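The structure under discussion appears below in the form of structure tokens.
In full-length UniProt numbering, the protein residues as written are 1 to 176.
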């Protein structure tokens with residue numbers, strides 16, 4: 001299973017020199033919330049992670065059992081919300097963060113990891129509990145890519161395409 005789920009640009013500017021605002025929202029299988037990460041419009045390397053209702057664009061408090069951990073230098077430092085009472089975590093690019101969900105206790109294990117922000121030129125987002133719909137869509141796209149690669153390989157070896165759609169392009173019957 002592929003866990004990569006998206007990316008957001010952090011610190012990118014438009015032609016006028018203004019910071020671009022970017023965001024990403026992830027749904028999770030069998031969880032009652034979604035996670036949204038968005039850049040801050042006035043800060044070059046900062047973004048915030050917050051939570052939405054499962055089916056509405058409505059912010060909710062940080063769910064019980066959520067832990068945000070800075071894992072940049074294997075420090076595994078649990079983050080608190082930026083200010084007391086805030087319903088979001090402030091993250092700094094290029095640091096790496098994992099989000100864990102365990103409503104029974106706040107123990108952070110690989111089994112409880114649901115989300116990750118990995119830095120590069122931008123943040124790559126990983127979702128470890130994708131919905132069945134997303135998984136099926138990704139599998140369909142992989143099968144299409146594999147089919148195209150197989151078709152191209154066979155065509156390069158035999159000169160003939162595997163798929164029927166390209167078979168009508170032959171010019172063998174025209175010059176007699």
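All residues carry an ideal CB built from backbone N, CA and C; glycine is no exception. None of these values were measured; they are calculated from a predicted model.
For secondary structure counted as the beta strand (DSSP E) over 3 or more consecutive residues, the stretch 50-108 holds these complete runs in sequence order: 66-70, 77-79, 88-92 and 97-101.
Check the Cα spacing between residue 56 and each of 36, 16 and 48: the tightest is with 36.
Residue nearest to residue 101 within the set 85, 89, 67 and 79 is 67 (criterion: CA-CA distance). Assignment of residue 113 by DSSP, reduced to helix, strand and coil, places it in the strand class. In this structure residue 84 is exposed. Its beta-carbon is surrounded by fewer than 16 other beta-carbon atoms within 10 angstroms. Taking C-beta separations shorter than 6 Å and ignoring five residues to either side along the sequence, the partners of residue 39 in its chain run 10, 21, 22 and 47, following chain order.
Taking a 10 Å sphere around the C-beta of residue 113, we find 16 or more other C-beta atoms and assign the residue as buried.
In terms of Cα proximity to residue 81, the closest of 64, 72 and 74 is 64. Collapsing the DSSP output to three states places residue 129 in coil. Collapsing the DSSP output to three states places residue 158 in a helix. Residue range 33-39 is occupied by the beta strand (DSSP E) that includes residue 37. Residue environment analysis places residue 127 among the buried positions, since at least 16 neighbouring C-beta atoms fall within 10 angstroms of its C-beta.
The shortest CA-to-CA distance from residue 124 to any of 133, 96, 131 and 148 is the one to 96. With respect to the C-alpha of residue 7, the residue from 115, 110, 29 and 74 having the closest C-alpha is 115.
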